[in-house]
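Below is one structure, written out as structure tokens, with a few remarks after it.
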Amino acid sequence: MPLNLVIVASPAKAKTIKRFLGKDYVVEASMGHIRDLPQSGLGVDVAKGFEPTYEVSEGKQTVVKNLRAALKKADELWIATDEDREGEAIGWHLTQALGVKNPEQVKRIVFHEITEGAIQEAIKNPRTLDMRLVDAQQARRILDRLVGYTLSPFLWKKVYSGLSAGRVQSVAVRIIVDREREIRAFVPREYWSVVAELETEKKEAFTASLERKNGEKLALGTKEETDQALSDLKGASYTVSDLEEKEVERNPAAPFTTSTLQQEAARKLGFSVKQTMVVAQQLYEGVNLGKGLGQTGLITYMRTDSVNLSTKALEDAKRTIEKHFGREYVIATPRTYKTKSKGAQEAHEAIRPTEMERTPESLTDVLDHQQLKLYTLIWNRTLATQMPPAQFKRIGADISAASYTFRATGQTVIFDGFLRVYREGRDETNDEKPVEDDNEKLLPLLKKGDALTLDRIVPEQHFTKPPPRYTEASLVKKMEEEGIGRPSTYAPTISTVQQRGYIRKDAGKLLPEEIAFTVTDLLAEHFPNVVDLTFTAQMEQSLDDIAEGTVKGTKFLSSFFVPFKELVELKTKEIKKGDVMKEREIGTDPASGLPVIVRTGRFGPYVQLGRLEPLPKGKRKKGEGPKTASLPKNCNLDTVTLEEALPLLAFPRTLGDYNGAPLQVLLGRFGPYIKAADGTAALPPEKNPSTVTLEEAIQCLTDKQEQKKKAATPLRE
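Its first residue numbered 346, the sequence shown is counted upward by one per residue in this note's numbering.
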């Protein structure tokens, strides 16, 4: 029998697959990509049709050496990396790095789940490497390298070093910046609600909201308008003037794709997008189930934009539903969904359990709490897609009083259907009226003409809210809706914009740093295509077209990069750093007579006293220059006033000596802190940096040192 070498991407995947293959198969892991463009230099020869220069990635030399040794002993090479562009490219790079003379003879196998049946079926039906997918991945990698390595140096010169720009990340930053500007520009609008607390003749209480006057929709915008309505209603009798009753159905949401899984895991479990993908990868690659079952994959491939379920999955779901919930929860015909994404690969499946009969309860002893939470979410969602619609009885009652009409609504769940196992989460909105939930809200039995008693009438003032800031989940949703990025890019993009200092997360919300505004405005003015949502979506479609073989990668790259490079060169000459890093003079310091200026710097916005005097290079000593202070988070670069800025320039405050050195209070980008010779400590929120005493500051330092000691002390067994 010939010896077969099977190469997969990860060790966990290799361990699982090895169980399902015979002794004639050796399974090794490439540990992800083994080759890439060089870290230093462009690595792309534009003049030679965008020819890339690849090199073995740092730390992968030993992996390649071991794989070459294994290949020498093998008769056939099988590539079993993930079935997407990235996986196809990893397989192609393996053939190049291992010196395979005839890559077309390499056997390529693909599967959507790591189970014995799926692996054996893949072995029976190998194919060759799909060079269209490889070309599409290479085009994406080259495009991102060209944009990043061309535009980032421009930002270093015109803003400051260390910044980065990217084809997808810059658009993601713009989305968050645009939303923040909406919030800052938002002007709250006053409105009022009026609720009547009513009783029937049988003393059954319920509430109704004021909605119309003389049959026309009523919107109360001021207290005066509300007072007039209340005056009109004094002494009015309340009567049921109309009733409507209808039955409605709601169908379950589609099975999980990468995007919807990330969104629901954020809403329901509080997972970050990155955390969701890490845990999903673990479930896909397999865990040890024990009891003779060994290492087994628990879910299908988690990078997908398809909502298809296989025939086997549909049959398994039907059987599982009947077993656990009864025949009334089984639908006669399997429910199917249509994938909305243009570039979706219909051959893939949605994210689902590999075995529907494997309940979350059966895995409590083998999964950690994060794995169990995510598996439960996937199991419930998948089952719900094959359960009957939820049925509701909705009742609406119009209550007449004088020339006004109040509205009372109630809802009863007739049959819970799919809600038995799953309720979809919702993103925060700025809607004035709350979204109805699925819980029962009952009205007493009412009849047209019934006279009602008013217990009291409650007016309440409200103000409209600005649009909510993006969360990781709602940003993924927005990017998917706009066609920006693909399933494999959401998590790394969101991580990158945070790591690069453009975006910070605060209480789960994504907030742009001031540098995000500066860079976004610069790119929008001079390189509009780079941050244009429609243009970026069109580029994604072009990459999909390359994967389908309808567009040539070199032609696509040339059409974009040649004019783009010329534009960058032109703007590098035209734009001065002073034009970008604009400053705002907000007044004069009465004590020194120097101008007070607010600016954006590498570590965020700051206030500066006076201007920097020009000196020959090398003549300025370290620390020389105008006094500066960081703006706290609650201060806006565009709106901070002289009165707010002057107290900041009083820092650093020297409180006295401590351990032979000055002890100071400073203001940093993350708030006030204490600095001493042997360390720093954040100032507690209850302490005022302008009035804190030397003794209080020393106590803060001592408390922090004690906390460090406790953290470093090992627990006794």
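The beta carbon of each residue, even a glycine, is placed where N, CA and C say it ideally should be.
Buried or exposed: where does P779 fall if 16 or more other Cβ atoms within 10 Å of its Cβ makes it buried?
-> Residue placement at P779 cannot be trusted, given a pLDDT of 48 that sits under 50; what the coordinates show is reported in the next sentence. Exposed is the call here.
Going by DSSP, name the residue or residues bridged to K854.
-> D851
Same chain, Cβ closer than 7 Å to V821, neighbours up to 5 away in sequence not counted | S604, Q607, Q608, V618, Y835
Okay, do the region 486-501 and the region 907-919 touch, 3+ Cβ pairs below 8 Å being the bar?
-> yes
Neighbourhood of R519 by C-beta, 6 Å cutoff - its chain only, sequence neighbours within 5 removed = T865, V876
Could you name the residues that DSSP lists as bridge partners for N349?
-> Y370, E421
Delimiting residues of the alpha helix (DSSP H) encompassing K619 = 618-630
Top-ranked residue by Cα proximity to W423, from L634, P837, N349 = N349
How would you call L788, buried or exposed, if buried means at least 16 neighbouring beta carbons within 10 angstroms?
-> buried
When Q482, G741, R472 are compared against K793, the one with the closest alpha-carbon | G741
For the beta strand (DSSP E) that Y536 lies in, which residues bound it at each end?
-> 535-544
Count the other CB atoms within 10 Å of the CB of V907; is the residue buried (16 or more) or exposed (fewer)?
-> exposed
From T709, E702, E556, Q715, residue whose alpha carbon lies closest to that of M308 | No statement about residue 308 is possible, as the shown extent of the chain runs from 346 to 1062 and does not include it.
Of the listed residues S937, G949, E667, R947, nearest to P956 (C-alpha basis) | Just to set this straight, residue 956 is Arg in the shown sequence, not Pro. Out of S937, G949, E667, R947, S937 has the C-alpha closest to the C-alpha of R956.
Would you call the region 528-540 and the region 884-897 in contact, with 3 or more CB pairs under 8 Å?
-> no
Do you know offhand how far V353's Cα is from I459's?
-> 12 Å
Below-8 Å beta-carbon distance, L820 vs any chain C residue = Included in the structure is just one protein chain, with no chain C present.
For E667, count neighbouring C-beta atoms within 10 Å of its own C-beta (all shown protein chains included) and say buried if the count is 16 or more, exposed if not.
-> exposed
For the alpha helix (DSSP H) that contains D572, what are its first and last residues?
-> 568-578
Using the rule of at least 16 other Cβ atoms within 10 Å of the residue's Cβ for burial, across every protein chain shown, is Q514 buried or exposed?
-> buried
Relative to the C-alpha of L791, which residue among P600, M476, K548 is closest?
-> K548
Tell me where the alpha helix (DSSP H) around H1066 begins and ends.
-> Since the displayed the chain opens at 346 and closes at 1062, residue 1066 lies outside it and no answer follows.
Report, in whole angstroms, the separation of the C-beta atoms of I362 and V408, which I expect to be a contact under 8 Å.
-> 17 Å between Cβ atoms; not a contact.
For P733, count neighbouring C-beta atoms within 10 Å of its own C-beta (all shown protein chains included) and say buried if the count is 16 or more, exposed if not.
-> buried
Proximity to N761 [Cα-Cα], best of G770, F670, P813, G755 = Reading off the sequence shown, one finds Asp at residue 761, where the question assumed Asn. Ranking G770, F670, P813, G755 by Cα distance to D761 puts F670 first.
Where DSSP assigns a beta bridge to V585, which residues make up the other side?
-> I744
Compare the beta carbon distance of F751 and E556 with 8 Å and say whether it is the shorter of the two.
-> yes
With burial defined as no fewer than 16 other Cβ atoms inside 10 Å of the residue's Cβ, what is the status of P597: buried or exposed?
-> buried
From this set, W724, V479, F456, L878, which residue's C-alpha is nearest I468's C-alpha?
-> F456
Three or more C-beta pairs below 8 Å linking the region 637-655 and the region 838-849 | no
Taking DSSP as the reference, what is the three-state secondary structure of H378?
-> coil
Continuous beta strand (DSSP E) stretch holding Q756: start and end = 749-760
Through-space distance from K738 to T879, alpha-carbon basis | 43 Å
Could you tell me which residues DSSP pairs with K1020 in its beta bridges?
-> Q1009, T1025
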